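The structure appears right after this line, and notes come after that.
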Amino acid sequence: MNHLIKLIMVLFSLLLLTSCYDKVELEQQSYVIAIGIDKNEDKSTYSFTFQIANPEVGSTLASAGSTEEAKETITVPGSDILTATSIANSTVTKKIVLDHTKVIVASEKLAKSDDFLRIIQSISRAPQIRGNVQIIVCKEDASEFLNNNHPTMEQRPHKYYQYMLQRGRQTGLIPNADFHRFFQITEGDADLFLAIYATTIKEKAKEHSIIGGHDYIAGQIPQKGGNPTQFIGSAVFKEGKMIDIFSGQETRMSNVLDKTIQMNDLLTTYPDPIDPNYQVSVDYVQKTEPNVDIQYNKKTNHASIYVTVPFEVELIAIPSMVDYISNKDNQQKLRATIEETTENIANKLIEKSQKVYGSDPFYWSLYIRKKFKDIPAYEKADWNKNIYPNATINVDFQLKRMSFGKMFNDSKINEVRD
Amino acid sequence: MNPNRMLKAGEMFTLLFILLSLKATDATASLFTQKTQNAFWYMPIISLLVILPSLLLLLHLLKKYQDKNLIELIETIMGSLVSKIIGLIIFLSSFLLMGFSYRGYVEQINFLYFPETPYVILSLIFFTIVYFAAKKGWEVIGFTTKIFLPFFVLSSVILIILILNDLVIERVFPIFGSGDIIVLREGALKGSIFIELFLITIAYTSFKKTDFFRKGFVLGLIFSIISIICFFFIYATTFDYNSIAKMSYPFHDITQYVNLGGYLTNIETFFMIFWLLGSFLRYAIYLYLVTWIISATFHIEHIESLLLPVGFLGLIIGVISKNLIINEFTFYNSILNYLTFFYIGFPILLWLISSLKGEYRKK
Amino acid sequence: MSYKPIKKNTKKQDKKSTPLNRHTSMQIKQLKEMYSHNINKDFCSRTLFANFNKKNVHLFYYASIVNSDKIEQAIVQPLLEDDGSSFPNVLTNESLKEIDTMEKVIEHINSGKVVLLSEGDCAAYSIDVSQFQHRAISQSENESVVKGPQEAFTESTHMNISLIRKQIKDKQLITTVSSVGERSKQDVTIVYISDLVNSEILKDVQERLNNIDTDNVRNVELLEQYLEERPYSIFPSIYYTERPDNAAAYIENGHIVLLMESSSACLILPVTFWTFFQSPEDRYSRFMFGNFTRMIRFIAFYLTTMISATYVALANFHSQMIPPDLLLAITASRERVPFPLLIEVLIMEVAFELIREAGIRIPSALGPTIGIVGALILGQAAVEANIISPIIVIISALSGLTSFAISDVSLNYTVRITRFLFIFAAGFMGMLTLMGAFLLWFMYAASLKSFGVRFLAPIAPSFKAPKDTLFRKAVRAELWRPTQIQPKDSKKK
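Chains as they are written, first to last, in this note's numbering: chain A, 62 to 479; chain B, 162 to 524; chain C, 2 to 494.
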């Protein structure tokens with residue numbers, strides 16, 4: 062019995078001792094959902110913006126009658142993220158926890174500077190930031206972006222980012238830009254990394270583009286009402302430094318051509334081959350990954366890349382009322398247009414990447430690796446500088462199947478108006 | 162056949178499996194990548210091939226001299242003095258490795274899950290649990306590992322399924338990493354990562370039949386190699402060759418990366434549970450084997466009473482090495498390289514002497 | 002095995018025995034004094050004049066534990082009327098025994114027999130006319146089943162044995178009796194099938210029974226504590242059940258059952274962890290249904306031991322694991338709670354245990370109050386008063402409720418104590434210590450033995466057995482008896 066009492070005493074004393082070390086009560090922590098990073102005027106410091114979720118808003122129990130904001134956004138200077146959290150504690154009452162961070166927002170200014178890689182690397186050292194945190198580049202300052210972002214429906218920030226990014230990636234208008242991928246591509250020293258591009262500033266509306274209808278970058282969509290924040294397009298990074306912006310359409314195309322990115326289906330429009338005033342809306346379905354075949358000549362260090370992309374489409378709307386369903390010739394024309402248009406977009410993008418960027422956003426360096434025996438040889442051949450810019454690239458989109466949705470035919474508009 | 166002994170092939174299999182396959186989750190992978198980059202995933206096969214002849218020789222000898230464990234076998238063949246020296250070398254080497262890898266495991270826990278807790282406290286807690294687990298005895302450790310094995314396997318399968326989408330097979334190319342010669346040499350030098358295979362032969366006689374030992378040994382070896390290769394392959398295809406060389410614990414990087422749908426995004430703690438259980442058991446086995454060797458070498462009856470001093474010294478080694486050796490990696494690396502020669506050598510020596518003696522007897 | 006045989010044997014030799022002699026009147030006087038005849042109301046002594054030998058015969062018995070009709074018919078009437086040459090001739094009752102020592106006389110009177118002392122005779126006779134009062138057979142209440150026999154043991158060995166024999170009609174079903182206790186000798190009936198039972202275990206049990214060194218062992222509940230190897234262990238090592246069908250099932254597999262007169266339950270040994278985990282209904286239900294129940298019970302087992310501890314570990318140490326929605330909800334509800342989370346959990350767990358204990362002790366007429374008090378005051382009002390957060394109510398209700406799925410009385414305590422151990426462990430260093438505690442708890446279970454049988458057999462160590470462990474096979478596919486107890490015949494036919 063004595064032993065039992067002693068044991069219980071020891072247990073209780075242990076219990077009392079445990080208030081130190083890593084034990085933290087839930088309510089003594091502030092949960093950061095988004096982190097913004099800006100470059101300061103002087104070289105060595107950055108501005109860190111923390112968007113902290115307010116637990117009282119949205120949880121059914123306490124929310125009744127609560128007039129508090131769903132989130133608190135504060136900006137503090139700091140040389141790296143962990144010191145910034147301690148500075149932030151001068152205004153935030155509780156311990157700042159980064160475990161639930163969903164996105165890291167960097168301003169375009171920072172992304173284009175050499176410091177970006179430095180700061181991102183220091184962030185990745187903290188085990189609290191996980192490999193699946195998404196990188197967003199915004200046009201304005203990150204602090205401004207986070208402060209201006211006021212979603213009306215999903216007030217709780219973690220839900221907003223979760224749904225926004227999930228849906229954005231499903232439509233293919235933004236890339237999959239997590240930390241993990243950023244480091245694999247940047248450290249692999251080949252290929253281009255695409256980060257999500259977003260902004261809250263509206264630009265003057267761009268003319269409606271003819272092809273595809275998704276040739277926007279964030280801020281250009283003439284949207285009315287709702288939250289001003291737009292997520293579309295991507296920031297192109299070469300060797301950890303931002304060099305350009307892709308439109309939504311270009312982002313889609315790189316997603317299509319990149320086998321490491323999961324693509325389901327996306328809605329898009331093609332010019333109507335019969336009646337050029339109209340567009341045909343289709344659901345683009347890609348069931349299998351693109352097939353990339355690389356012929357490599359060791360002596361000349363020259364590569365020929367043959368890409369075949371099998372895809373399917375489902376016609377959704379034919380506003381021109383042209384009969385594509387029963388008329389075989391029309392169908393053939395439409396097929397040709399779809400393939401051709403898609404190939405055009407792809408070729409344009411590839412040309413741009415070869416000439417302007419000197420590297421590819423499709424992660425094609427993976428395929429050339431097989432041709433080398435070991436890494437020194439592969440690194441010597443240098444994908445970014447030598448192989449890709451000079452490679453002969455041939456892209457072939459193959460429309461495997463065209464289906465027509467649930468309707469056989471549209472009602473004849475002339476007959477209806479009779 | 163010994164009716165009082167309850168351990169069968171199943172227990173042997175799981176004991177060896179836990180002892181070996183957990184290597185896939187510790188710093189072994191990053192140790193391998195340092196010099197060979199993305200070729201590290203098949204290196205364990207090379208290491209195994211290097212030590213395999215010696216290992217088979219040892220097994221053959223054990224079978225020949227029935228009912229003798231490793232130390233008893235050495236004693237019978239080499240005589241008392243030499244056996245004490247060899248036993249001591251085996252003990253010291255495995256003891257040092259235990260101390261170092263012990264430190265590695267506690268550091269993982271420290272760095273990833275309890276960053277604000279002092280290392281010493283954590284290693285004390287870890288040690289306490291491992292010590293009491295080992296104190297329950299060899300049989301109970303065997304039973305426990307056997308019952309826990311399905312859960313370990315299940316959690317690994319879940320992890321593999323979750324990461325499957327992020328694997329990029331092309332990352333294993335160029336297949337020879339930093340060069341075929343380097344890969345072969347490094348793989349061969351790291352034969353001693355399978356030092357546990359030699360250690361566990363001390364338990365040769367603790368099974369119901371010695372057949373069970375051999376059966377479990379072979380199966381356990383095959384399956385652990387498969388699982389190590391499998392995990393290494395996952396690391397090599399999830400991370401590019403430049404990234405993998407930078408991370409110390411790729412297993413935890415993967416558990417941090419995977420998520421279960423959009424709702425459960427940080428599920429590393431789930432995998433950590435099984436990993437922790439596995440490491441507790443692994444060190445309990447390790448500690449028991451190391452203590453067994455020293456007690457067999459010097460004919461000390463009660464293994465259980467030696468567990469505490471041996472384990473505690475191992476803990477001290479871990480703590481001290483943290484302060485003394487700045488670049489633990491290179492140190493660990495060179496120790497492994499030297500040990501490989503010893504472990505390749507001594508079974509051959511045993512076999513030579515034993516067959517010479519046999520010749521004499523015939524004459 | 003850890004019993005102490007030496008001490009006991011010497012004591013038995015010391016035992017004095019006083020043979021009866023011809024001075025009957027002296028002995029009668031002695032007896033009456035011993036039983037405090039003048040104040041002890043239910044002790045009877047009668048004197049009759051026997052017809053056959055024309056001598057006075059003295060009867061001694063306890064009026065409260067004998068059947069008086071039977072005395073009249075079987076003893077008084079023959080003695081007064083019948084003729085014959087000796088007592089066995091006159092008293093034809095089957096239980097007539099000749100006894101020759103004073104100690105035996107006392108023992109027989111105590112156990113409900115009539116003892117006859119004839120004047121000038123140096124032997125006494127005893128006739129069993131005992132009629133101990135007991136309950137009628139009723140429904141099993143603590144181990145109720147939906148599908149399956151409803152009878153439960155009652156406080157009478159005879160009836161209990163009859164309940165077992167009803168299910169096993171086997172000539173090899175043996176019921177032997179050992180007596181335990183010094184001052185008040187109680188019979189322990191050992192029931193087994195002689196060509197199945199492992200004779201070593203049987204011998205072990207008998208030795209242990211003989212070595213019990215105490216004045217009185219009133220019932221099997223106490224006997225269990227005298228028999229077990231590790232009195233301080235958290236795990237039970239003897240199965241306690243009130244269901245005769247359960248007992249019969251184990252006897253058929255070669256186990257041993259112990260019965261005592263004043264217990265409405267039996268003890269079954271040796272057993273493994275799975276015995277406690279299972280319910281007889283798992284076998285009565287069909288393969289699918291039974292295994293479904295088992296799975297539910299396993300989940301319940303996990304929840305009741307682990308959920309509070311897991312919650313403490315996650316919330317205090319691994320908040321990254323909790324999905325953000327839940328995390329924020331918990332955080333919001335905890336913002337006004339004045340206690341650390343660990344204390345909060347303990348408050349509710351202790352409160353639940355209080356309700357439970359009070360619920361058992363409360364007179365049944367007041368039963369409904371406990372529900373109102375428990376649910377209303379502890380649940381709702383405590384949340385509204387910000388003493389605890391609502392999620393704790395869910396957690397503790399879950400862990401409390403699921404503990405009822407562990408129907409075995411003994412294992413139920415194990416589970417409830419374990420839960421508190423785990424909560425403390427989790428509060429110390431989160432998952433690290435929780436898993437450590439779990440591992441050590443588990444290894445402790447694996448190291449236990451019940452009468453030489455490993456507690457986690459037949460999984461580890463593995464044995465040929467029906468593998469009726471966590472899940473069971475179809476009844477037809479069970480070919481073996483559990484060989485971990487090494488029955489003489491291991492194949493089921």
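C-beta atoms are modelled at their ideal positions from N, C-alpha and C, and glycine is treated no differently. If you're wondering where the values come from, they're calculated on a predicted model, not measured in any experiment.
Boundaries (first-last residue) of the beta strand (DSSP E) holding residue i
{"i": "Asp305 (chain A)", "result": "Lys302 to Phe307"}
{"i": "Ser420 (chain A)", "result": "Where Ser420 (chain A) is concerned, there is no enclosing beta strand (DSSP E), given that its DSSP letter is neither H nor E."}
{"i": "Lys172 (chain C)", "result": "From DSSP, Lys172 (chain C) is part of no beta strand (DSSP E); its letter is neither H nor E."}
{"i": "Lys132 (chain A)", "result": "Lys132 to Gly139"}
{"i": "Ser119 (chain C)", "result": "Lys114 to Ser119"}
{"i": "Val198 (chain A)", "result": "Gln195 to Cys199"}
{"i": "Arg47 (chain C)", "result": "Phe44 to Phe50"}
{"i": "Ala462 (chain A)", "result": "A small fix is needed here, since residue 462 (chain A) is Arg in this sequence, not Ala. Thr453 to Ser464 is the extent of the beta strand (DSSP E) around Arg462 (chain A)."}
{"i": "Pro371 (chain A)", "result": "His363 to Ala378"}
Assigned exposure category for residue i - 16 Cβ within 10 Å defines buried
{"i": "Lys364 (chain C)", "result": "Contrary to the premise, residue 364 (chain C) reads as Pro rather than Lys in this sequence. It counts as exposed."}
{"i": "Glu205 (chain A)", "result": "buried"}
{"i": "Met289 (chain C)", "result": "exposed"}
{"i": "Pro20 (chain C)", "result": "exposed"}
{"i": "Val137 (chain A)", "result": "buried"}
{"i": "Gly422 (chain B)", "result": "exposed"}
{"i": "Lys297 (chain B)", "result": "buried"}
{"i": "His24 (chain C)", "result": "exposed"}
{"i": "Ile455 (chain B)", "result": "buried"}
{"i": "Gln28 (chain C)", "result": "buried"}
{"i": "Ala248 (chain C)", "result": "buried"}
{"i": "Phe109 (chain A)", "result": "buried"}
{"i": "His159 (chain C)", "result": "exposed"}
{"i": "Ala170 (chain B)", "result": "buried"}
{"i": "His221 (chain B)", "result": "exposed"}
{"i": "Gly273 (chain A)", "result": "Note that Gly273 (chain A) scores a pLDDT of 49, beneath 50, so its modelled location is shaky; the value from the coordinates is reported in the next line. With 16 or more other Cβ atoms within 10 Å, it is buried."}
Identity of the residue in the options nearest residue i by Cα
{"i": "Tyr449 (chain B)", "options": "B:Phe384, B:Tyr292 and B:Ala185", "result": "B:Tyr292"}
{"i": "Gln31 (chain C)", "options": "C:Phe61, C:Asp43 and C:Ile72", "result": "C:Phe61"}
{"i": "Tyr274 (chain B)", "options": "C:His24, C:His319, C:Ile213 and C:Asp214", "result": "C:His319"}
{"i": "Gln279 (chain C)", "options": "C:Gln321, C:Met160 and C:Ala250", "result": "C:Ala250"}
{"i": "Leu474 (chain B)", "options": "B:Thr430, B:Tyr263 and B:Ser367", "result": "B:Tyr263"}
{"i": "Thr102 (chain C)", "options": "C:Gly85, C:Met322, C:Asp122 and C:Glu183", "result": "C:Asp122"}
{"i": "Asp341 (chain B)", "options": "B:Ser495, B:Ala200 and B:Tyr504", "result": "B:Ala200"}
{"i": "Val153 (chain A)", "options": "A:Gln415, A:Lys132, A:Lys170 and A:Lys173", "result": "A:Lys132"}
{"i": "Arg337 (chain C)", "options": "A:Pro236, A:Leu87, A:Thr349 and A:Leu226", "result": "A:Leu87"}
{"i": "Arg242 (chain A)", "options": "A:His64, A:Gln195, A:Ala442 and A:Thr260", "result": "A:Gln195"}
{"i": "Phe178 (chain B)", "options": "B:Ser440, B:Tyr504 and B:Phe507", "result": "B:Ser440"}
{"i": "Asp490 (chain C)", "options": "C:Thr306, C:Asp196, C:Ala266 and C:Gln321", "result": "C:Asp196"}
Terminal residues of the alpha helix (DSSP H) in which residue i lies
{"i": "Leu409 (chain A)", "result": "A small correction: the amino acid at residue 409 (chain A) is Lys; Leu does not occupy that position in the sequence shown. Residues Lys389 to Lys413."}
{"i": "Glu440 (chain A)", "result": "Ile436 to Ala442"}
> Going along the stretch 182–204 of chain A in order, which residues come within less than 8 angstroms of chain B, judged by CB to CB distance?
Replying inline: Pro188, Arg191, Gly192 and Asn193
> the stretch 276–299 of chain B: which residues have C-beta closer than 8 angstroms to a C-beta of chain C, in chain order?
Replying inline: Of all residues in the stretch 276–299 of chain B, the ones placed with a Cβ closer than 8 angstroms to any Cβ belonging to chain C are Thr278, Leu283, Ile286, Phe287, Thr289, Ile290, Phe293, Ala294, Lys297 and Gly298, in chain order.
> Listed in chain order, which residues of the stretch 425–437 of chain A have Cβ atoms closer than 7 angstroms to some Cβ of chain B?
Replying inline: Leu427, Tyr428, Arg430, Lys431, Phe433, Lys434, Asp435, Ile436 and Pro437
> What residues in the stretch 427–458 of chain B have a beta carbon less than 8 angstroms from any beta carbon of chain C?
Replying inline: Listed by position along the chain: Asn427, Ile428, Glu429, Thr430, Phe431, Met433, Ile434, Leu437, Leu438, Phe441 and Leu442.
>> Which residues of the stretch 300–311 of chain B have a Cβ closer than 9 angstroms to any Cβ of chain C? Give them in chain order.
In response: Glu300, Val301, Ile302, Gly303, Phe304, Thr305, Thr306, Lys307, Ile308 and Phe309
> What are the residues of the stretch 171–190 of chain B that lie near chain C, defined by any Cβ-Cβ distance shorter than 8 angstroms?
Replying inline: Gly171 and Glu172
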